[in-house]
Amino acid sequence: SPHIIERFTALCDTWNMNIAELVSRTQPGDGDSAQLFIQITAHSPATQNAANIEQAFKALCTELNAQGSINIVNYSQHDEQDGV
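Going by this note's numbering, the sequence shown opens with residue 1260, and the numbers climb by one from there.
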C-alpha cells in the first residue's frame, strides 16, 4: 500500500520527534497482501511522554497491519542547545 512509511514519519512529526534510524522491510503475507516490518529509533523532547508515543505507534501498526518497534531517546532542551 502506498504511503505507509509516510504515515510513520508523520507520526514522528506529530510528536516533534527526530528520526535517527528507520528500517523497513516487507514479507509476503497471506493472500495478496505483504506485511510491513518497521523499526524506528527517534529522538524526542523530554517533555513528551514516551508511553503515549509508543501507544500511538502500536495503534498505527495495528491500523496498517504492520509489525514494528520504536525506540525513543528523550533529550532535554539543554541538550538541544548544546548541539547534543
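Cβ atoms here follow ideal geometry from the backbone N, Cα and C, with glycine treated the same way.
- By the Cβ neighbour-count rule, I1331 is buried, with 16 or more other Cβ atoms within 10 Å of its own.
- According to the DSSP assignment, A1305 belongs to no alpha helix (DSSP H), since it is labelled neither H nor E.
- Around the C-beta of S1303, 16 or more other C-beta atoms lie within 10 Å, and the residue is accordingly described as buried.
- Per the C-alpha coordinates, the member of P1261, I1264, Q1286, M1276 positioned closest to E1313 is M1276.
- When DSSP states are grouped into helix, strand and coil, N1275 belongs to the coil group.
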